[in-house]
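When you read off a place in the sequence shown, starting at 1, and then add 20, the result is the number in my numbering. C-beta atoms are modelled at their ideal positions from N, C-alpha and C, and glycine is treated no differently. Note that the structure is a prediction, hence the values are computed from the model and not measured. In what follows, a structure is listed as structure tokens, so that the remarks can point back to it.
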Amino acid sequence: MILTEDVENLKRVGPKTAEVLKKHGIRTVRDFLYNLPRDYENYAAPTSIAEIRPGKVVIKGKIDSLTSRRARRRNLSVTEGIVRDETGAVKVVWFNQSYRLKQFAPEKDYYFAGDYEFKNGRYSLISPSSAEISDIDPNGGLSPIYVAHGALKSNDFRRLMRASKPIFNDIPDMLPSVKPETRKRALFYAHFPNSEKSIKNARDYLAYEELFELILAAKLNRQENEKLKAVSIPFDAEKIRDFLKLLPFQLTGAQKKAAWEIFQDMEKPTPMNRLLQGDVGSGKTMVAALAAYEAILAGQQVAILAPTAILATQHFASLSQLLSPLGIEVALLTGATKKKPELKTEIKSGKINLVIGTHALLTDDTEFKDLALVIIDEQHRFGVEQRQKLALKSPKGLAPHLLTMTATPIPRSLQLTVFGDLDVSILNEMPKGRQSIVTSILTEVEMREKLYQKMRLVMNLKPDEKAQNQNAHGQQIYWICKAIEDGNGNPGSEITSVKSRARRLAEVFPDKKIEFLHGKMKPAEKDAVMERFANGEIDILVSTTVVEVGVDVPNATLMVIENAESYGLAQLHQLRGRVGRGSSTAYCYLLTSGDLAPTRRLKELEKSSDGFYLAEVDLKMRGPGEIYGALQHGALDLRIASLSDTKLIAKAQQDVKIFLQNPENMLKYKELMAGISKYQQITTLN
Ligand code: ADP
Ligand code: MG
21 MILTEDVENL KRVGPKTAEV LKKHGIRTVR DFLYNLPRDY ENYAAPTSIA
71 EIRPGKVVIK GKIDSLTSRR ARRRNLSVTE GIVRDETGAV KVVWFNQSYR
121 LKQFAPEKDY YFAGDYEFKN GRYSLISPSS AEISDIDPNG GLSPIYVAHG
171 ALKSNDFRRL MRASKPIFND IPDMLPSVKP ETRKRALFYA HFPNSEKSIK
221 NARDYLAYEE LFELILAAKL NRQENEKLKA VSIPFDAEKI RDFLKLLPFQ
271 LTGAQKKAAW EIFQDMEKPT PMNRLLQGDV GSGKTMVAAL AAYEAILAGQ
321 QVAILAPTAI LATQHFASLS QLLSPLGIEV ALLTGATKKK PELKTEIKSG
371 KINLVIGTHA LLTDDTEFKD LALVIIDEQH RFGVEQRQKL ALKSPKGLAP
421 HLLTMTATPI PRSLQLTVFG DLDVSILNEM PKGRQSIVTS ILTEVEMREK
471 LYQKMRLVMN LKPDEKAQNQ NAHGQQIYWI CKAIEDGNGN PGSEITSVKS
521 RARRLAEVFP DKKIEFLHGK MKPAEKDAVM ERFANGEIDI LVSTTVVEVG
571 VDVPNATLMV IENAESYGLA QLHQLRGRVG RGSSTAYCYL LTSGDLAPTR
621 RLKELEKSSD GFYLAEVDLK MRGPGEIYGA LQHGALDLRI ASLSDTKLIA
671 KAQQDVKIFL QNPENMLKYK ELMAGISKYQ QITTLN
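Shown next, in the form of structure tokens:
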């Protein structure tokens, strides 16, 4: 059996099972083998029921009296049963796992492992994992736990895996320079461990394999990029100096360094591929303006892409303020733009020097005369393929220089691997006079007493010095909600929607102007609301995370993030960066639902304002897929959380280097080369 075969050819996998597997991305035998356990349960040394104590326990026994019911208050199913051994009996409870009703044969013995807790007036074993005694390797007592995919639960994956045991013999090696059959053994022990040590070895190897693929993909992207041609843009020291003299402030050291790195890249006849990272407010837009100016001085056109119309509009405002006085033609192109055909003609003729817009700018029929620099703000990356397409738009077949900007700090380990094809500049220094943001966690109960008082206080403060708007009576507030409408959050959770929160706040603050904003509104409506907020005509803006990136209203000095526990750290940090842009003290309140104890994540946010530190924490706690969730669809959900292992990264880098020294390897290692195309695509826009 070969790895590329359809999963349907596996033993015990019929059409129905195959359909579920495929729906969850498991299409081939290879995918199936690499669907690694999420964790392992250790059933060694069960305790007799008479002796169990509260906490984590393992017991062994028969189960009976299984029943299932709906809980009244929350939308949950509750499945209960009694487990007995020779010494006693204990109640077990599962939530939303009604398949447990049919899982057990009454005459057989099973292991159960879970938390023995006091709940609803009695002790019970809560949501234990379970396994049939005969399925567990008697040596280690270890049993893999797989992520459930639809109707296929962990037990089903274990059963299918056992039926496929013979195919492990046929797994060929994929990478060079390791002992033969390492891969075969690693995959086998990942699914059939016989000791903790065997799991560790297996995971170490598979992590290495994954890193090797990632790094190789990035290196190959880089090589491809170097084959492209770009316009060389000369550095004009004098003009840049004159431009800087016009600014009301001095560049930070970090901004100078980043600008210098960009100027040097743009002088080369191969396209720049640089990532500019800096926390919110670190002044990335200013650096982008310098790069754009330089390219325009050389007679070229520049495009800036923003993820939302709101952001494009703000960039347009700040960049035209900077560049129009220098005789530069700046244009905005979004869905709401009137007279599009005329504008497009002007872009094509070269009359427009700088155009700012959303993605449509590059994917639809917009044509340029001389597009030499593309700047992408937040979240989107460009792959070699997109550039080749852009190069085709240019009559001379030249690819544009590319500058990507992000406020999501990218941990070093990701830089070396996933983002290894990019050069990086970092703004690790804030402009002078930036306010720190006082962050506190509040429960819903505290909200009424403390928070409302504080909000009133802030709205009665006089407007911030830096507020450009004359309409504001006091300082302004963002209130962030998770959902747009009621009832579309998770069943059982208490998510307050933008709309109902806005209504409730209107009752609390009848004298204040409250409006809401969310992603399902028409672009023109959104822009209008944002504009009113920026103008100081709205006191409290209740919004979803659409205000997340880039939006700049210095007079907004307080932010409330409701259901804070449901966001990732990186995202919370970005949201929080919407305030603290003026000269007044800024506040961020993290509201947790019900009486949940604050999570470690929220506590970290309360303590630290360093985006890089927070990103490292997030990476360790949640894995890269969560942080860069918006970037790709599951492609970065690495099977093994290996990106914090710097030693392993270094080893993989070294081995990739050796691998690339021999071009024949690319023909020889076919599976490897086919596999990395998925990582190469991470870098492309979709
Ligand atoms: P970012 O895009 O990195 O979040 P911005 O470029 O929007 O940050 O800059 C935030 C604010 O700081 C803007 O109002 C900008 O004019 C201002 N700014 C940028 N660079 C400096 C500097 N060197 N000194 C003072 N203010 C600056
Ligand atoms: Mg910005």
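Closer than 8 Å to a non-hydrogen atom of the ligand ADP - does that hold for the CB of residue i?
i: M425; result: yes
i: T328; result: no
i: Y269; result: Looking at the sequence shown, residue 269 is not Tyr but Phe. Checking every heavy atom of the ligand ADP against the Cβ of F269, one is found closer than 8 Å.
i: G298; result: yes
i: S338; result: yes
i: G347; result: no
i: T564; result: no
i: L447; result: yes
i: G600; result: no
i: P451; result: yes
i: K277; result: no
i: K304; result: yes
i: T333; result: no
i: G440; result: no
i: D572; result: yes
i: T577; result: no
i: G631; result: no
i: T437; result: no
i: G170; result: no
i: G597; result: yes
i: G377; result: no
i: T272; result: yes
i: G301; result: yes
Give me, in chain order, the residues of the same chain whose beta-carbon lies closer than 6 Å to that of residue i; leave out the 5 immediate sequence neighbours on both sides.
i: F336; result: L352 and I376
i: L610; result: I461, I581, A584 and L622
i: N41; result: Sequence check: residue 41 is Leu here, not Asn. Cβ within range, chain order: V27.
i: L30; result: S184
What does a CB cutoff of less than 8 Å around residue i pick up in its chain, not counting 5 residues either side in sequence?
i: Y209; result: S218, I219, N221 and A222
i: D84; result: G101, I102, R104 and P126
i: M686; result: M693
Which residues in the same chain have their Cβ closer than 7 Å to the Cβ of residue i, if we skip the five residues on either side of it in sequence?
i: Y63; result: V78, Y131, A133, A151, I156, G161 and S163
i: T305; result: H335 and S338
i: F188; result: K204, L207 and F208
i: G539; result: T564 and V566
i: M467; result: L611
For residue i, list the residues DSSP reports as bridge partners.
i: W499; result: V562 and V580
i: M345; result: Note on identity: in this sequence residue 345 is Pro, with Met being the wrong assignment. None, per the DSSP bridge assignment.
i: K82; result: R104
i: V113; result: E100 and I146
i: V375; result: A323 and A351
i: R90; result: S97
i: D135; result: K76 and I146
i: V425; result: The sequence shown places Met at residue 425, not Val. Answer is L296 and D397, bridged to M425.
i: I461; result: L610
i: A151; result: Y131
i: E61; result: S163
i: L391; result: Q321
i: S517; result: A503
Using DSSP with H/G/I as helix, E/B as strand and the rest coil, what is residue i?
i: A606; result: strand
i: N293; result: strand
i: Q652; result: Annotation note: pLDDT 37 at Q652 (below 50); position unreliable, no value reported.
i: L434; result: helix
i: F553; result: helix
i: M450; result: coil
i: V49; result: helix
i: D262; result: helix
i: N491; result: coil
i: A70; result: helix
i: A30; result: The identity of residue 30 in the sequence shown is Leu, whereas the question assumes Ala. Here L30 sits in coil by DSSP.
Report yes if the C-beta of residue i is less than 8 Å from at least one heavy atom of the ligand SAH; otherwise report no.
i: P429; result: Ligands present in the displayed structure are limited to the ligand ADP and the ligand MG, and the ligand SAH is not among them.
Whole alpha helix (DSSP H) runs in the region 284–328 with 4 or more residues, listed along the chain? 304–317
Ranges of the beta strand (DSSP E) found wholly within the region 521–551, counting only runs of at least 3: 534–537
Tell me the start and end of each unbroken beta strand (DSSP E) in the region 166–229 that is at least 3 residues and wholly inside, in chain order. none
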